[in-house]
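Below is one structure, written out as structure tokens; comments come after it.
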Amino acid sequence: MSSTSPSISLEDQLREAILAKPDAVLEDQHLMNALVAANERAMGSNVVDLRGIAMERMAARLDRLEDTHRSVIAAAYDNLAGTNLIHRAVLRLLEPQDFTAFLACLEQDMPEILRVDALALVLETSQPGGAEVERKSGSLKLAGPGFTESYAGQPGSQRSVTLRQTQSASTRVYGQKAEWIRSEACLMLDLGEGRLPGMLVMGSEDPHQFSPMQGSDLLAFFGGVFERSMRYWLS
675 MSSTSPSISL EDQLREAILA KPDAVLEDQH LMNALVAANE RAMGSNVVDL RGIAMERMAA
735 RLDRLEDTHR SVIAAAYDNL AGTNLIHRAV LRLLEPQDFT AFLACLEQDM PEILRVDALA
795 LVLETSQPGG AEVERKSGSL KLAGPGFTES YAGQPGSQRS VTLRQTQSAS TRVYGQKAEW
855 IRSEACLMLD LGEGRLPGML VMGSEDPHQF SPMQGSDLLA FFGGVFERSM RYWLS
């Protein structure tokens, strides 16, 4: 009798604990799985528990729904963070009082605000003397007619934004930073009637920062604001 009393005492304590807090058992996934497994063993191998199978399928579906929910929340957060970032960049773009300050903003402030490792403003021109102009700003690059469409790889396309990964970035655009660039965004700029087009290029060392699978609405909006600012400075 004495050898079984500890076992009986333990069972009584466990029973009392479960009766006191039944919700704790229902909320414990591992405990419920163990109880279901014990119930299936007690029924024998020739009995099929359809209710248990349905519960397993519902649990699997719930897990998938939770994963989807987490993915949606993460995407919404990233979109909100991206929107705030673009808003900051637009406000900073409107602050310069002259074109020299505008170029300084592009070179010094914009890469940090946009969280990119390199930024270049490419303007097409048919006039000589480009090297002298480029020396005035590390972010300004001059190129011949047709360069921007060729570089973005979209001749005749109506797309304003190209996102892609790269293994050999252009030294013509990025200079010494080219060897570190692994992804880039190319924003085509319409500078107005009678002017050759331009392009704003953002480069990142992160190969996943810019990808063709990503949305480009925010960058298209920023490009629209940027090209209007350029029209003002060029007028």
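Numbering of the sequence shown is given in the numbering used here, commencing with residue 675 and proceeding in unit increments. All C-beta atoms, glycine included, are put in the ideal place defined by N, C-alpha and C.
One alpha carbon belongs to G818, the other to T757, and they sit about 34 Å apart. Exclusion of the five residues before and after I855 leaves D791, A792, T840, A843, Y848, G877, S878 and E879 as the residues of its chain whose Cβ lies within less than 8 Å of its Cβ. Secondary structure at K851: helix, using DSSP grouped into helix, strand and coil. Taking 8 Å as the upper bound for CB-CB distance, R838 and S857 are in contact here, some 7 Å apart. The straight-line gap separating the alpha-carbon atoms of A826 and R744 is approximately 35 Å. The C-beta distance from L816 to L797 rounds to 6 Å, short enough to fall under 8 Å. Between F896 and L861, the C-beta spacing is below 9 Å.
Setting aside the 5 residues that flank it on each side, G812 is surrounded in the same chain by E781 and G849, each with a C-beta closer than 8 Å to its C-beta; the list follows chain order. Going by C-alpha positions, P886 is about 29 Å away from T799.
Secondary structure of G898 (DSSP, three-state): helix. Put simply, of T742, V710 and S909 the residue whose alpha carbon is nearest the alpha carbon of A728 is V710.
For T836, the enclosing beta strand (DSSP E) covers residues V835 to Q839. Between the beta-carbon of S834 and that of A894 there is about 5 Å, and that keeps the pair under the 8 Å contact cut. Between L788 and E740, the alpha-carbon positions lie close to 32 Å from each other. When the Cα atoms are used, K695 and Q703 turn out to be separated by approximately 15 Å. Rounded to whole angstroms, the gap between the alpha carbons of G898 and M904 is 10 Å.
The beta carbon of M784 is closer than 6 Å to those of L793 in its chain, skipping five residues each way along the sequence. In the structure shown, the three-state DSSP call for A843 is coil.
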